[in-house]
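Same order as they appear, the protein sequences are chains A and B.
Quick note: the first sequence uses the numbering used here, first residue 33, plus one each step.
Quick note: the second sequence uses the numbering used here, first residue 33, plus one each step.
Ideal Cβ positions, reconstructed from N, Cα and C, are used throughout, including at glycine.
Reviewing the structure listed below.
Protein chains: 2
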Amino acid sequence: MQFELTKKYLGSIKESIKTADEIKLNSLVSELHPADIAEILDEVSMREAKFLYQLLDEEKAADVLVELEEDVREEFLANLSSKEIAEQFIENLDSDDAADVIAELPDKKQEEVIAYLEDEEQASDIVELLTYDESTAGSLMTKELIKVNQNWIVERCVLEMRKQAEEVDYVFTIYVVDSNDKLLGIVSLKRMLITPVKTTIADFYKSDVIFVNTNTDLEEVSNIMQKYDLVVLPVVNEEGQLIGRITIDDVMDVVKEEADKDYQMASGHSEVVEATDTVWVLSRARLPWLLIGLVGGIFGAQIIGIYEDQIKIHPEMAFFIPLIAAMGGNVGVQSSSIIVQGLANKTLGLDTMLQRLGKEFSVALVNGLVCSLIILGYNFAFGDSWNLSITVSAALFTVIIFAGLFGTFTPLVLDKYKIDPALATGPFITTVNDVLGLLMYFMIGRMMYM
Amino acid sequence: MQFELTKKYLGSIKESIKTADEIKLNSLVSELHPADIAEILDEVSMREAKFLYQLLDEEKAADVLVELEEDVREEFLANLSSKEIAEQFIENLDSDDAADVIAELPDKKQEEVIAYLEDEEQASDIVELLTYDESTAGSLMTKELIKVNQNWIVERCVLEMRKQAEEVDYVFTIYVVDSNDKLLGIVSLKRMLITPVKTTIADFYKSDVIFVNTNTDLEEVSNIMQKYDLVVLPVVNEEGQLIGRITIDDVMDVVKEEADKDYQMASGHSEVVEATDTVWVLSRARLPWLLIGLVGGIFGAQIIGIYEDQIKIHPEMAFFIPLIAAMGGNVGVQSSSIIVQGLANKTLGLDTMLQRLGKEFSVALVNGLVCSLIILGYNFAFGDSWNLSITVSAALFTVIIFAGLFGTFTPLVLDKYKIDPALATGPFITTVNDVLGLLMYFMIGRMMYM
Chain A
33 MQFELTKKYL
43 GSIKESIKTA
53 DEIKLNSLVS
63 ELHPADIAEI
73 LDEVSMREAK
83 FLYQLLDEEK
93 AADVLVELEE
103 DVREEFLANL
113 SSKEIAEQFI
123 ENLDSDDAAD
133 VIAELPDKKQ
143 EEVIAYLEDE
153 EQASDIVELL
163 TYDESTAGSL
173 MTKELIKVNQ
183 NWIVERCVLE
193 MRKQAEEVDY
203 VFTIYVVDSN
213 DKLLGIVSLK
223 RMLITPVKTT
233 IADFYKSDVI
243 FVNTNTDLEE
253 VSNIMQKYDL
263 VVLPVVNEEG
273 QLIGRITIDD
283 VMDVVKEEAD
293 KDYQMASGHS
303 EVVEATDTVW
313 VLSRARLPWL
323 LIGLVGGIFG
333 AQIIGIYEDQ
343 IKIHPEMAFF
353 IPLIAAMGGN
363 VGVQSSSIIV
373 QGLANKTLGL
383 DTMLQRLGKE
393 FSVALVNGLV
403 CSLIILGYNF
413 AFGDSWNLSI
423 TVSAALFTVI
433 IFAGLFGTFT
443 PLVLDKYKID
453 PALATGPFIT
463 TVNDVLGLLM
473 YFMIGRMMYM
Chain B
33 MQFELTKKYL
43 GSIKESIKTA
53 DEIKLNSLVS
63 ELHPADIAEI
73 LDEVSMREAK
83 FLYQLLDEEK
93 AADVLVELEE
103 DVREEFLANL
113 SSKEIAEQFI
123 ENLDSDDAAD
133 VIAELPDKKQ
143 EEVIAYLEDE
153 EQASDIVELL
163 TYDESTAGSL
173 MTKELIKVNQ
183 NWIVERCVLE
193 MRKQAEEVDY
203 VFTIYVVDSN
213 DKLLGIVSLK
223 RMLITPVKTT
233 IADFYKSDVI
243 FVNTNTDLEE
253 VSNIMQKYDL
263 VVLPVVNEEG
273 QLIGRITIDD
283 VMDVVKEEAD
293 KDYQMASGHS
303 EVVEATDTVW
313 VLSRARLPWL
323 LIGLVGGIFG
333 AQIIGIYEDQ
343 IKIHPEMAFF
353 IPLIAAMGGN
363 VGVQSSSIIV
373 QGLANKTLGL
383 DTMLQRLGKE
393 FSVALVNGLV
403 CSLIILGYNF
413 AFGDSWNLSI
423 TVSAALFTVI
433 IFAGLFGTFT
443 PLVLDKYKID
453 PALATGPFIT
463 TVNDVLGLLM
473 YFMIGRMMYM
């Protein structure tokens with residue numbers, strides 16, 4: 033039932049394009065979902081993609097366009113006139129998808145495309161959607177929805193809904209507004225279905241409806257929808273008027289994107305990449321962390337360099353350099369990641385910063401004791417000197433405590449100053465803890481015996 | 033509009049519980065959404081939570097129960113008899129939530145609760161849901177749905193739907209089945225609304241419906257729903273009979289959970305934790321990575337130990353130990369994370385393993401060259417010896433290439449053998465690359481001049 037793009041399937045498509053066998057191509061793709069066709073177009077060359085694309089009927093072509101990867105879509109649209117874009121694509125799309133596609137065009141082309149739209153309401157909806165900031169509810173909402181006046185009776189609502197429903201794919205919920213379009217509440221389709229036809233809406237609508245403003249942050253939107261298990265969320269303007277709705281499939285895309293971004297940032301990528309990106313893009317995304325690491329390594333070299341003469345006499349101090357550096361980095365990543373995730377998911381609870389640092393201190397104490405006792409045992413067992421054993425254990429303990437506190441403190445402070453706390457994961461925390469860990473290690477060694 | 037739990041609000045609630053002021057408590061929580069009440073109960077002590085909870089009416093109490101954190105819910109239910117659990121809670125829940133709550137009970141209590149259920153259909157639905165593996169579509173689906181026979185006319189459908197709708201919260205889509213309950217297609221509520229009442233369903237239903245089987249993997253379910261922008265997905269059994277549906281809010285929970293788990297695994301946690309967990313839970317989750325790191329550090333010490341005599345003469349070799357170790361770890365994490373994410377999101381494309389390794393080799397080549405040239409320049413500028421400079425640069429270059437390939441290879445192999453590739457991120461890759469990087473560094477140093 034489900035389509036899976038195999039090498040073989042892709043091979044026959046490429047073969048049919050080569051021989052310009054339109055009948056075979058049609059039989060290969062005509063039954064496919066737009067998302068599947070987009071997947072094929074993303075995989076073939078631009079020339080092949082264009083040949084295949086012009087075989088699609090207009091409505092399907094528009095749906096496929098929305099599903100394409102951004103760079104492929106851009107190339108497609110670059111070759112079309114503003115008039116073609118407006119008439120062949122935009123007019124077949126919902127307002128939110130239409131605005132997304134238009135937003136990717138150059139400024140001048142944006143205006144032209146909008147001017148070519150025949151449906152004035154659609155044009156003004158798109159213009160409105162384009163004004164909202166990318167990170168707000170306004171940018172994610174669609175204008176298509178079904179609303180009824182509180183003074184109407186069920187019978188009239190059903191008639192009005194039939195009209196409105198033509199341009200709404202999924203109904204989900206019917207919104208109740210007053211004569212000034214102010215959002216009052218909701219009625220489920222189901223409820224409308226089972227209520228006597230002469231009843232006035234005002235008598236049975238549900239008034240405790242959860243909504244957001246156009247400028248509500250998207251992270252907030254996704255937290256609300258997840259917390260209250262909503263599939264659709266109404267959006268109001270400053271005056272409380274209903275002006276759009278956000279559906280959960282769009283929010284899910286945002287959540288997934290955010291999660292992928294955080295994951296990649298934590299694993300040392302400075303921009304969001306995919307395994308299929310070019311070597312150049314992949315290298316560029318990784319280089320910043322490597323350079324930070326390089327600088328950290330150079331600082332590390334400088335610190336160890338201070339103790340050059342001591343290392344000549346006590347080369348055994350060098351043995352545990354990787355251990356100390358690695359453990360500092362590890363603990364820092366662990367503690368910062370929990371804070372970063374807690375901030376994003378709003379699961380930090382109501383503790384103050386001091387309480388959180390206190391808790392982190394306890395955790396670091398437990399793990400620091402366990403790890404330093406193990407390494408003490410190891411060093412004794414392998415006959416290392418008393419001085420070295422104590423130095424390594426004491427330094428490890430200190431580093432674990434410090435890295436834990438620093439990893440907790442940094443993202444909290446960044447967040448306080450409205451800087452993305454995710455910056456505190458990965459390269460920054462690791463490198464600082466590496467370097468400071470080494471400094472502590474050698475300082476303790478110096479105090480002990482070096 | 034939106035509720036936010038503040039310290040002050042929590043304070044008045046705690047105060048009212050202390051003074052047993054039920055009227056004030058009722059005024060504080062009666063208007064709140066079950067998810068908000070659950071949030072309060074998660075924050076107060078168990079004794080306080082119980083006092084507050086018994087003030088809720090039965091239906092709300094059931095909804096709150098579902099929203100509680102697992103450990104709090106467990107404590108709540110532990111004090112209730114099987115009869116109370118069945119009659120006060122389970123009977124007020126949808127089949128999927130009911131099955132989730134029951135699944136958390138001890139085996140014996142599970143049977144008792146089910147035996148106490150008065151609605152036999154609900155009981156058999158729950159028994160069925162409990163049989164599905166946690167990671168499959170069957171475990172996430174709910175039995176409540178609306179279905180119509182292909183031979184019915186719209187008029188009859190509307191009547192039947194009114195009956196069925198009573199136990200379905202959101203309708204979304206109407207499923208079309210044959211007389212043997214085999215899934216044939218779907219009709220949207222909107223379509224049903226605008227079609228003449230005497231039309232037979234068979235004449236206008238949409239037959240190309242996307243569905244999954246009860247044993248379809250949850251990751252697959254979420255990929256399908258995201259790819260095709262679905263809000264609800266029908267589930268069929270081996271015979272193709274419609275037996276349930278999965279809604280996107282439940283899938284979103286799974287996606288979020290998976291993303292959080294992967295993020296935490298990549299940042300060195302062996303179990304999923306939250307900042308609000310106890311010190312003991314947090315310490316336990318972090319210790320495994322630290323112990324792996326400790327073992328890696330000990331191996332590192334052994335390797336450096338081999339070169340003890342050389343370090344006495346050439347202490348400058350020790351300076352760059354942290355650099356080499358850190359860079360190996362960083363590159364390994366970068367390359368493995370992209371593969372792990374690509375495997376999870378199915379965005380790896382159709383490349384073979386050899387092609388992927390080839391690409392990774394190119395990326396590592398670019399970054400390896402950049403980094404080793406920089407460090408070469410640094411060493412020259414600071415007057416380090418020719419031998420040391422070449423050693424550090426050559427080792428860094430080798431380590432970056434090796435770590436990149438190893439980080440790509442490992443998750444791909446794990447995935448091939450059906451082991452969670454996420455294991456290859458974090459501790460394992462970092463530690464192996466740390467240790468092997470050191471070995472390469474000293475071997476090259478030995479060859480060069482030590």
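Neighbour-count burial assignment, residue i, 16 or more Cβ in a 10 Å radius
{"i": "W321 of chain B", "result": "buried"}
{"i": "L191 of chain A", "result": "exposed"}
{"i": "F412 of chain A", "result": "exposed"}
{"i": "A118 of chain B", "result": "buried"}
{"i": "F108 of chain B", "result": "buried"}
{"i": "N399 of chain A", "result": "buried"}
Distance, residue j Cα to residue i Cα
{"i": "V286 of chain B", "j": "S302 of chain A", "result": "27 angstroms"}
{"i": "P453 of chain B", "j": "L444 of chain B", "result": "7 angstroms"}
{"i": "I226 of chain B", "j": "D240 of chain B", "result": "20 angstroms"}
{"i": "V244 of chain B", "j": "M257 of chain B", "result": "10 angstroms"}
{"i": "F236 of chain B", "j": "A94 of chain A", "result": "24 angstroms"}
{"i": "S59 of chain A", "j": "R194 of chain A", "result": "35 angstroms"}
{"i": "I353 of chain B", "j": "M475 of chain A", "result": "18 angstroms"}
{"i": "K484 of chain B", "j": "L274 of chain B", "result": "Coverage of chain B is limited to positions 33 through 482, which leaves residue 484 of chain B absent and any answer about it impossible."}
{"i": "Y481 of chain B", "j": "G477 of chain A", "result": "28 angstroms"}
{"i": "G272 of chain A", "j": "N362 of chain B", "result": "50 angstroms"}
{"i": "L437 of chain B", "j": "N212 of chain B", "result": "54 angstroms"}
{"i": "T121 of chain B", "j": "D128 of chain B", "result": "According to the sequence provided, residue 121 of chain B is Phe. The question's Thr does not apply to it. The alpha-carbon atoms of F121 of chain B and D128 of chain B are separated by roughly 13 angstroms."}
{"i": "T248 of chain A", "j": "A376 of chain A", "result": "15 angstroms"}
{"i": "E251 of chain B", "j": "G337 of chain B", "result": "47 angstroms"}
{"i": "V327 of chain B", "j": "G170 of chain B", "result": "42 angstroms"}
{"i": "Q154 of chain A", "j": "V209 of chain B", "result": "37 angstroms"}
{"i": "I49 of chain A", "j": "A110 of chain A", "result": "22 angstroms"}
CB contact below 8 angstroms: residue i versus chain B
{"i": "P347 of chain A", "result": "yes"}
{"i": "G374 of chain A", "result": "yes"}
{"i": "E251 of chain A", "result": "no"}
{"i": "A67 of chain A", "result": "yes"}
{"i": "I226 of chain A", "result": "yes"}
{"i": "W184 of chain A", "result": "no"}
{"i": "Q387 of chain A", "result": "no"}
{"i": "I370 of chain A", "result": "yes"}
{"i": "C189 of chain A", "result": "no"}
From the options, residue whose alpha carbon lies closest to that of residue i
{"i": "Q382 of chain B", "options": "A:A307, A:A357, A:I371", "result": "The amino acid occupying residue 382 of chain B in the given sequence is Leu; Gln does not appear at that position. Out of A:A307, A:A357, A:I371, A:A307 has the C-alpha closest to the C-alpha of L382 of chain B."}
{"i": "V372 of chain B", "options": "B:D447, B:K50, B:V186", "result": "B:D447"}
{"i": "T310 of chain B", "options": "B:L355, B:D103, B:T51", "result": "B:D103"}
{"i": "M385 of chain B", "options": "B:T462, B:A298, B:G439, B:D416", "result": "B:G439"}
{"i": "S156 of chain A", "options": "A:T232, A:V145, A:E166", "result": "A:V145"}
{"i": "T205 of chain A", "options": "A:N212, A:C189, A:S211", "result": "A:C189"}
{"i": "I432 of chain A", "options": "A:Y473, A:F414, A:G415", "result": "A:Y473"}
{"i": "L161 of chain B", "options": "B:K344, B:D68, B:M173", "result": "B:M173"}
{"i": "F429 of chain B", "options": "B:F441, B:I422, B:S404, B:S394", "result": "B:S404"}
{"i": "L125 of chain B", "options": "B:E99, B:K140, B:Q366", "result": "B:E99"}
{"i": "P435 of chain A", "options": "A:T279, A:V424, A:G469", "result": "The residue asked about is misnamed: residue 435 of chain A is Ala in this sequence, not Pro. Closest by alpha carbon: A:G469."}
Neighbour flag for residue i against chain A, beta carbons, 8 angstroms
{"i": "P354 of chain B", "result": "yes"}
{"i": "Y486 of chain B", "result": "Because chain B in this structure spans residues 33 to 482, residue 486 of chain B falls outside the shown range and cannot be described."}
{"i": "Q258 of chain B", "result": "yes"}
{"i": "I78 of chain B", "result": "Per the sequence shown, the amino acid found at residue 78 of chain B is Met instead of Ile. Chain A, which has no Cβ nearer than 8 angstroms to the Cβ of M78 of chain B, makes this no."}
{"i": "E192 of chain B", "result": "no"}
{"i": "D294 of chain B", "result": "yes"}
{"i": "F351 of chain B", "result": "yes"}
Would you call the region 330 to 343 of chain A in contact with the region 339 to 356 of chain B, where contact means no fewer than 3 C-beta pairs closer than 8 angstroms? Touching, yes, given that three or more Cβ pairs across the two stretches are closer than 8 angstroms.
Per the contact definition of three or more C-beta pairs closer than 8 angstroms, is the region 71 to 82 of chain B in contact with the region 37 to 57 of chain B? By the Cβ criterion, the region 37 to 57 of chain B is in contact with the region 71 to 82 of chain B, since at least three pairs of Cβ atoms, one from each stretch, lie closer than 8 angstroms.
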